[in-house]
Amino acid sequence: MQLLPGFRDFYPDACARRNYILSTWREVARRYGYVEYDGPVLESVELYKKKSGGELVGQLFDFVDKGGRHVAMRPEMTPTLARMVAARAKDFKKPLKWFCCPQFFRYEKQQRGRGREFYQFNADLIGEASLTADAELIALVIDLLRAFGFTARDFVVRLSSRTAWQEFFARVGGKPEDEYEFFQIVDKAERTPPEKTNEALAKFGLPELTAESLLAFMHSKDPGSLAPILEDLRARGLAEYVEIDYAIVRGLAYYTGVVWEVFDRGKNERALAGGGRYDRLLALMSDGRVDLPALGFGMGDIVLDNLISDTPAAREKRDAWVARERACDIYLVIAKEEARPQALGLVQQLREGGLRVDFPLGPAKVGKQFQAAEQLGARLALLVGDEWPGVKVKHLATRTEELVPNTELAEWLRNRQKDI
RNA sequence: GUGACCGUAGCUCAAUGGUAGAGCUCCAGAUUGUGGUUCUGGCCGUUGCGGGUUCGAGUCCCGUCGGUCACCCCA
31 MQLLPGFRDF YPDACARRNY ILSTWREVAR RYGYVEYDGP VLESVELYKK
81 KSGGELVGQL FDFVDKGGRH VAMRPEMTPT LARMVAARAK DFKKPLKWFC
131 CPQFFRYEKQ QRGRGREFYQ FNADLIGEAS LTADAELIAL VIDLLRAFGF
181 TARDFVVRLS SRTAWQEFFA RVGGKPEDEY EFFQIVDKAE RTPPEKTNEA
231 LAKFGLPELT AESLLAFMHS KDPGSLAPIL EDLRARGLAE YVEIDYAIVR
281 GLAYYTGVVW EVFDRGKNER ALAGGGRYDR LLALMSDGRV DLPALGFGMG
331 DIVLDNLISD TPAAREKRDA WVARERACDI YLVIAKEEAR PQALGLVQQL
381 REGGLRVDFP LGPAKVGKQF QAAEQLGARL ALLVGDEWPG VKVKHLATRT
431 EELVPNTELA EWLRNRQKDI
């Protein structure tokens, strides 16, 4: 049986790397005062058809369930979050700072940085309209990446604004109802020859709207209304992580104001994270009953893991974490098989004390047992045999030994807790 | 979804159309109470799958499934 395309097995190695990412996400989110939430993996397909728009709908992992409902595996969190918040908006103090680490499913052809299943950190801030919220969210994404060992040399936040593009479009005479279509053209303008862009723009019938004027605006570094965000981040000492880049527009239909994406400086990977404002989505989801400004972003595990693996400092940090997580503290060497009952008693006692303890399940040569202790990353080996009721304690790093009576062992270990 | 390239042992790869191999990993022994070395031995394949051409196919042809990359887009 083959693995389904785009899906992953998590053997212990891969599982440890995934857990490193998940636990780092959680740790940093809590530092910023976010609380974790979650929702269902399966949603009605309608939720995404109405709200996500564009590419995502074509990538839905959808099917009809046994009750005849057309359902989809979740491809993103925002519609679910919007529904949850709209349903109980009055139960929570504003602003809400919620995060989650869900697994998403998108039916697309897999390649580097893209699978049909992935984990994505999501943080959303709901109920705050000012740009201080945008800055707070961007500060979080910067600190998340710094927590993995990345620096300003490794990544950059490219900051843009749909509002700026709306104003640009209005200046040349564009109508608001054409905005979304216009954004799609802007999104592709850098990858399209100018003649093709002009062809696409012609349908709006606006003589001032040309590929040249569009590209000129796209490449301007004028912060405009984004200036307060840059000021805020400068005050935090995070200015070097952000650049103005109006080429960022984002495909999802619900974004309204500030939008941004994070890229590696080497440009070897796809976007590491992306987000922005969706001030109208909650009103849309609740038919106007709840109207709260909102913003959020996502960061996927696959691109992130690629970049960690390709960045020495980040890789070392991850590998150290993985080794620490997996190591056992103590390995019990059973030198004489007759001493197994005493050894089992010790194992149980030490485990109840919260130590990570391992031992051989069957008769094994002492040499093999020390080899196992080494491979499991144990710091101490306790040898049980002829010395009983004494236990030989060996520091595996220094290869030094000392004899401790088994009745005093718990006390002995407690006094050396820091070293274990 | 479209196009290009690629599928041989758990991994990395060999094999002018002529008997499917090596290194690493794993297991065991050398070493009966002390570790990453060394040496020896062992396990491991319907050459992704199905058809065709041929006396003979891992090798050539067709299909299919999977992978990589590009387009598309983004986590």
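FYI, the working numbering numbers position 94 of the first sequence as 124, with every residue one higher than the one before it.
Glycine included, each C-beta is placed from N, C-alpha and C at the ideal position.
Note that the coordinates shown come from a computational prediction; the quantities given were computed from them, not determined experimentally.
At least three beta-carbon pairs within less than 8 Å, the segment 399-409 to the segment 341-352
Between the segment 399-409 and the segment 341-352 there are fewer than three inter-stretch CB-CB distances shorter than 8 Å, so the stretches are not counted as touching.
Grab the span of the alpha helix (DSSP H) containing residue 278 for me, first residue to last.
In the DSSP assignment, residue 278 falls outside any alpha helix (DSSP H), carrying neither H nor E.
Taking all protein chains shown into account, decide if residue 150 is buried (16 or more other Cβ within 10 angstroms of its Cβ) or exposed.
So residue 150 counts as buried.
What residue range does the alpha helix (DSSP H) around residue 53 cover?
Unbroken alpha helix (DSSP H) run through residue 53: 42-61.
Residue 137 in three-state terms, based on DSSP:
Assignment of residue 137 by DSSP, reduced to helix, strand and coil, places it in the coil class.
Helix, strand or coil for residue 324, going by three-state DSSP, please let me know.
Looking at residue 324 - three-state DSSP - the assignment turns out to be strand.
Residue 310 by DSSP, collapsed to three states: which one?
Of the three classes helix, strand and coil, the one that applies to residue 310 here is coil, per DSSP.
For residue 412, report the span of its beta strand (DSSP E) as first-last.
Membership of residue 412 in the beta strand (DSSP E) is indicated by the continuous run 410-414.
Considering only the alpha carbon of each residue, which of 416, 382, 363 and 417 lies closest to residue 394?
The candidate whose alpha carbon is nearest that of residue 394 is 363.
Got a sec, what are the start and stop residues for the alpha helix (DSSP H) residue 442 sits in?
From DSSP, the alpha helix (DSSP H) with residue 442 extends over 439-445.
Please say whether residue 188 and residue 55 have beta carbons closer to each other than 8 Å?
Here residue 55 is not near residue 188, since their CB atoms are 8 Å or more apart.
If you run the structure through DSSP and keep just helix, strand and coil, what is residue 430?
Correct three-state label for residue 430: strand.
To the nearest angstrom, report how far apart residue 386 and residue 368 are at their CA atoms.
A straight line joining the alpha-carbon of residue 386 with that of residue 368 spans about 24 Å.
What does a CB cutoff of less than 8 Å around residue 125 pick up in its chain, not counting 5 residues either side in sequence?
Excluding residues within five positions, the ones whose Cβ falls inside 8 Å are 155, 156, 157, 158 and 163.
Boundaries (first-last residue) of the beta strand (DSSP E) holding residue 243:
Counting along the chain, residue 243 falls outside any beta strand (DSSP E), though it belongs to the alpha helix (DSSP H) covering 241-248.
Closest by CA to residue 302, which one among 314, 322 and 335?
The shortest C-alpha separation from residue 302 is found at 335.
Distance between beta carbons of residue 300 and residue 333, contact taken as under 8 Å:
Indeed they touch by this definition, with Cβ atoms about 5 Å apart.
Ends of the beta strand (DSSP E) at residue 238?
Note, residue 238: premise wrong, no beta strand (DSSP E); not H, not E.
Could you tell me which residues DSSP puts in a beta bridge with residue 390?
When DSSP reads this structure, residue 390 sits in no beta bridge, so it has no partner.
Start-to-end residues for the beta strand (DSSP E) that takes in residue 159
Going by DSSP, residue 159 is part of no beta strand (DSSP E) at all; its letter is neither H nor E.
Taking 8 Å as the cut-off, decide whether the C-beta atoms of residue 281 and residue 217 are in contact.
Result yes, Cβ atoms of residue 281 and residue 217 sit closer than 8 Å.
Endpoints, the alpha helix (DSSP H) within which residue 213 is located
It spans 209-219 - the alpha helix (DSSP H) in which residue 213 sits, taken as one unbroken run.
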